[in-house]
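Below is one structure; the comments refer to it alone.
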Amino acid sequence: MKRILLPVLLTLSLVLAACSASSTPPPSSAAQDNPQPASVSDITPTPTDDPAILATLFPNMGGNSEMTRSDQQGAIIMEITPINLGVPADTLEFEVVLTTHSIDLSMDLATLSTLTTDTGVSVESTLWDAPRGGHHVEGKLIFPATKDDKSVLEGATKLTLTIINVDTPTRIFEWELK
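Numbering-wise, our numbering puts 185 at position 165 of the sequence shown, and it's gapless, one number per residue.
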């Protein structure tokens, strides 16, 4: 019995010692006296990160996630979120997420998308900035912010994004504007 007990205790001691050993050296006392962040990054908020702008543009919505519209027709799930509505810009941008497990997503959404307002203004997309193909695609759908030297959103209370022929004849995404 004593022959077995001694090797077991010795093995257990070595395992505990190995598990409790720290692989990183202790910090120097100078580092403890003047702590600094490991890295500092400059974060530039986008205009739609400002709650005041969101509350003004979308009074019934609390944040970007509530601005996301989803369409699950056919075999493709499509989610669209406005990125920069309500701020001076040359373009109106929308984040688009496409998910499927059976259809190739190599289409150019710019050729299939139209943005309209309740004031009758309509503009075609100028760019679909995303990788082509695959079954999970994320990108930006970009529209001009002006038409005939006038803001597309001027006087509008409703914004409609229509996308055609993506595994279903029509997908419609709407946002109420203030």
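All C-beta atoms, glycine included, are put in the ideal place defined by N, C-alpha and C.
In this structure, GLY153 lies near SER126, with their beta-carbon atoms less than 8 Å apart. Between the alpha carbons of LEU129 and GLU86 lies a gap of roughly 23 Å.
Each of SER133, ALA150, ASP149 was checked against the Cα of SER142, and the nearest Cα belongs to SER133.
A buried status is given to PRO102, since no fewer than 16 other beta-carbon atoms sit within 10 Å of its beta-carbon. DSSP places ILE24 in the helix class (H, G or I) of the three-state scheme.
Taking all protein chains in view, the Cβ of SER90 is surrounded by fewer than 16 other Cβ atoms within 10 Å, so the residue is classified as exposed. Selection PHE114, THR177, THR188, HIS121 evaluated against THR146 yields PHE114 as nearest (Cα-Cα). Here GLU86 carries a helix assignment [DSSP, helix/strand/coil].
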